[in-house]
Amino acid sequence: MSAVFEQIFQVGFLAAIIRIATPLAFATLGEMFSERAGVLNLGIEGIMLLAAMAGFTAASLSGSLWLGVLVAVLVGAAMGALHGLFTVVLGLSQHVCGIGVTLFCSGLAYFLYRLIFGQQSVPPSIKGFQPAPIPLLSEIPILGPAVFNQFTLVYLAIIAVPFAAFVLYRTPWGLSVRMVGENPRAADSAGVSVIATRFQAVILGGALMGLAGAFLTMAQFNAFTFGVVSGRGWVAIALVVFGRWDPWRSAGAALLFAFVDALQLRMQASGLGHIPYEAFLMLPFIFTIVAMAFISRNAVAPSALLKPFRREER
Amino acid sequence: MFRLEARSSTPAWFNLALPLLAIAVALVLCSGLIAVAGAGVIEAYGVMLSASLGDSYAITETLVRAAPMIFTGLAVAIAFRAKFWNIGAEGQLLAGAVASCAVGAIPMPGPLAMLLMVLAGAVAGALIALVPATLRVQFKVDDVVSSLLLNSVIYYALMALIEGPWKDTFSGYPISPPIEDSANFPVLIEGTRLHIGVVVALIAAPVCWFLIARTTLGFRIRVTGENAEAARYGGINTQRVLLSTALLSGALAGLAGVGEVGGVHFQVMSDISPGYGYSGIVVAMLARLNPLGVVPAAIFLAAVMTGAEAMSRATGVPAFLSEVIQGTALLAMLVALLFTAYRIRRVGAPA
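Structural data, given as C-alpha cells:
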C-alpha cells in the first residue's frame, strides 16, 4: 500500500492536480457569475470549445500565445453576450437557449477548424505556454515545484479565485449581481438595472469560459482536437452546484475533481488497481446529483435562477 | 414607436409558419458560412437537398437517420408539455442502447429477442428519466441540471462497459460484441437500411399525439404543464403526473437507442449517438411540442445531416455545417416563439 502511495503522491502528482484544476476553475467561476445573476448558461460546453479553437487558431497563425488568449477571451465574451441577448434581453428559456448555444458554438468550432486546417492525420500543434517559475517561491520543497513552477495562466487562476470572491462580496457590482439573482424585483425597486447587470454577468462568465478554453489548447494540450473539451463544461456546471455558488467552494470543488482525475490518470498509467477509470470520471456527477438533494432543502441556489425578468409583468 | 404587447392567443397558422421561418433564417445565416468556405450557396444547398431527399435510396437513408430523432423529439416534447425539463434524452438513449444490446446478444428466437430488446430499452430509458423526476418531486432538485448531469454518468458507464467486460478481445477496439443475427431488425426494402424500427417511430408519433390530445393522462400532462396550481386545485396529483411523464419520456428516448442497436449498428460503441438526445430538443421546439410536428422536424434535421455529408464531398464545405444549422434553427425558433407571446404594435400619437 505504501508503495502505491509513494508512486502516486509525488511532486508531479500535485502539479498535475493544479494543472487539471486550472481550466475547471476558470469555467466554474464563469458559470458561477452567470448563475449568481440568475442565468444558467448551458452554452458553456460549446463556448469553451469555440474559444479553445479560436485561441488556438489565432496563436498558431500569429505566433503569439497571448494574442490567442485574448482572442479566446473575446470569443467567450461574445458568445456569453449571445446567450445574454437571448435569455436576458429577450427573456427566452435559459436551458433551451443554452443547448442551442452549445450546438451552435461546437458546430461552428468544428466547421471553422476543418476549414482553416483541413483534414490532417496528425492534428497541427503549437509550442504552448512554458512553465514560468516564480523566483524564491519555486524553491520551497514540494509546494514550490508543484504550485510555483507553473504556466502564467495557472497563477492567473490562483489569483482569480480571491478576486472573484472580492468582486462578488465586496463591490457594489457584486452586490447588484447577487441581488438580481436572488430578488430581481427588489433589485429593480432599489434602482439596479436587472437587465444590464445580468447581461454583464453573463458576458464576464463567457470571458472566463473562454479563458478555460484557451488553457486547454495553449497550455494543456497545445493542439485542438474535437474532444478537447470533452464534457469539462458539464463538469463546471456540476462544480458550481457542488461549490454552492461560492467562488472559494467552487474552486475547492475544482481541486477535488482534479485530484480524482489525476489519481485516475495515475492509476491507469501505472496499471494499479482494477477499478475502471470511468468510475472515477463519473464520481463528480454522481456526487453532485446526490448533493443537490441535500442542498435544495437549504435553498442556497440563487432564487431567481432560470427565471427571466420582465419589468412590466408582476 | 413600436412596442411589444402581450397576446392571449395565437392563430393556428403560426404552428407551421414559425418553424418554417426559423428554418429559413437558419439556412440564410448559414449560407454565409458556405460562402466563406468558397462554395456556391445554391449549389451547396442543392446537393444537400438532392442527396437527402432526391431519390428513393436517399429518402430511406434520411428516414433511418430521422428515426432516433423522432423518438428523442417525442421524449422531449412530452416532457416539456408537463414542464418536466428533461435535458437527459441523450443519456436515456444510451441506456436504452446498452440494455437492448445486452438482451440482443442472448441467443433466442428472433421475434422474441426483438420484443425483449424493445422492452429492455424502454425500461432502461424510463428508469434513468425517473431519477431527475423523483429528485424534483421528493427533494425539489432542479431537473434541468440533474437530467443533464446524468448524461455524463450514463456515458461513462457505457464507456466502462465497452472498455471493460464488453471490450472486443480480438481486435481490442472499445466496441461491444454484436447482437445475434436473428435479433437484427428486419429490413423493409432490399438494398437499403430502412428497418422496421423506422416504421415504429413513424407510428409512435400519432400514438403520442393521441395520448397527449385525447386521453386523461394527456390532459393531466397538459394541465400540469400549463398551470400546476390549477391542476392541483382541480384534484390532479401533479407529482404523480410528473413521474408518469418522466417514465413515458425516458421510455421513448430509450427506444431511440433500441432502434440504433437493432436496426443500424447491431452493437454499442462510444459514438453510437452523435448527439441525437440534444437534437431531440431542437426537434421538439421546432415541432412546437406537438408530437405530429416531431416527424417533419426530425426529417428536416436528418436531411440536413445526410445532405451535409454529400455536400462536403461535392463542394468541400465541412459537413459540420449541419450542427451549426441545428443550433441556429433552435435559437431562431426560440426567438420566433416570441411572436406567440407578443405582438408588435404601433403606438404613438393617435391619428
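Respectively, the protein sequence lines represent chains A and B.
Anchor point for the first sequence: position 95 equals 95 in my numbering, and the numbering is continuous, going up by one each time.
One gets my numbering by counting positions in the second sequence from 1 and adding 314 to each.
Yeah, the Cβ is synthetic: ideal placement off N, Cα and C, and Gly gets one too.
Residue i: contacting residues in chain B (beta-carbon distance under 7 Å)
i: A:V241; result: V459
i: A:A238; result: L463
i: A:L90; result: V649 and L652
Burial state of residue i (16 or more Cβ within 10 Å)
i: B:I356; result: exposed
i: A:Q268; result: exposed
i: B:R450; result: buried
i: B:G549; result: exposed
i: B:S461; result: buried
i: B:W399; result: buried
i: A:R314; result: Low confidence applies here, because A:R314 scores a pLDDT of 44, under 50, leaving its location unreliable; read the following figure in that light. By the neighbour-count rule (16 or more Cβ atoms within 10 Å), A:R314 is not buried but exposed.
i: B:S322; result: exposed
i: B:Y371; result: exposed
i: B:Y656; result: exposed
i: B:Q640; result: buried
i: A:L143; result: exposed
i: A:G118; result: exposed
i: A:Q130; result: exposed
C-beta neighbour in chain A for residue i, strict 8 Å
i: B:A438; result: no
i: B:A672; result: Nothing in the structure corresponds to residue 672 of chain B, since chain B is present only between 315 and 665.
i: B:L388; result: no
i: B:S323; result: no
i: B:A665; result: Residue confidence for B:A665 is low, a pLDDT of 46 falling below 50, so the modelled location carries little weight; the figure read from the coordinates is stated next. Chain A contact via Cβ: absent.
i: B:Y590; result: no
i: B:R657; result: no
i: B:E637; result: yes
i: B:L347; result: yes
i: B:L341; result: no
i: B:L652; result: yes
i: B:L449; result: yes
Boundaries (first-last residue) of the beta strand (DSSP E) holding residue i
i: B:R660; result: Y656 to R660
Minimum Cβ-Cβ distance from residue i to chain B less than 8 Å
i: A:R185; result: no
i: A:S93; result: yes
i: A:P145; result: no
i: A:A393; result: Since the displayed chain A opens at 1 and closes at 314, residue 393 of chain A lies outside it and no answer follows.
i: A:I140; result: no
i: A:L70; result: no
i: A:M79; result: no
i: A:Y155; result: no
i: A:M282; result: yes
i: A:F309; result: no
Segment limits, alpha helix (DSSP H) that includes residue i
i: A:D318; result: Lying outside 1 to 314, the shown extent of chain A, residue 318 of chain A is not represented and no answer is given.
i: A:Q10; result: Per DSSP, A:Q10 belongs to no alpha helix (DSSP H) and is neither H nor E.
i: A:D261; result: P247 to S270
i: A:R114; result: Q94 to F117
i: A:N149; result: Neither: A:N149 is in no alpha helix (DSSP H) and is coded neither H nor E.
i: A:I195; result: V194 to F215
i: B:L562; result: T552 to G573
i: B:Q406; result: A403 to G418
i: B:I586; result: Per DSSP, B:I586 belongs to no alpha helix (DSSP H) and is neither H nor E.
i: A:H83; result: L65 to G84
i: A:I237; result: R232 to F242
i: A:I134; result: Per DSSP, A:I134 belongs to no alpha helix (DSSP H) and is neither H nor E.
i: B:P382; result: S370 to R395
Neighbour list for residue i in chain B, Cβ cutoff strictly below 8 Å
i: A:W234; result: L462, L463, N465 and S466
i: A:V96; result: I595, M599, L644 and L648
i: A:A279; result: Y470 and A474
i: A:I44; result: Those do not exist, as A:I44 stays about 11 Å from chain B at its closest Cβ, beyond 8 Å.
i: A:G231; result: S466 and Y469
Closer than 9 Å at the beta carbon, the chain A residues around residue i
i: B:Q640; result: G100, L103, F104 and G107
i: B:V455; result: I289, M292, A293, I295 and S296
Within 8 Å, strictly: CB atoms of residue i and residue j
i: B:L600; j: B:A380; result: no
i: B:I525; j: B:L531; result: What sits at residue 525 of chain B in the sequence shown is Leu, not Ile. Result yes, Cβ atoms of B:L525 and B:L531 sit closer than 8 Å.
i: A:R244; j: A:I295; result: yes
i: A:L204; j: A:F56; result: no
i: A:F79; j: A:L49; result: Residue identity check: residue 79 of chain A is Met in the sequence provided, not Phe. No. Outside cutoff.
i: B:Q406; j: B:A427; result: no
i: B:V575; j: B:G418; result: yes
i: A:V96; j: A:I195; result: no
i: A:V229; j: A:L216; result: yes
i: A:A291; j: A:T28; result: no
i: A:A37; j: A:V180; result: yes
Within chain A, the residues that residue i reaches when beta carbons sit closer than 7 Å
i: B:G478; result: P276
Interface residues of chain E facing residue i [CB-CB closer than 8 Å]
i: A:R114; result: Looking for chain E here will not work: the only protein chains present are A and B.
Chain-ordered chain A contacts of residue i [CB-CB under 8 Å]
i: B:I401; result: L42, H95 and I99
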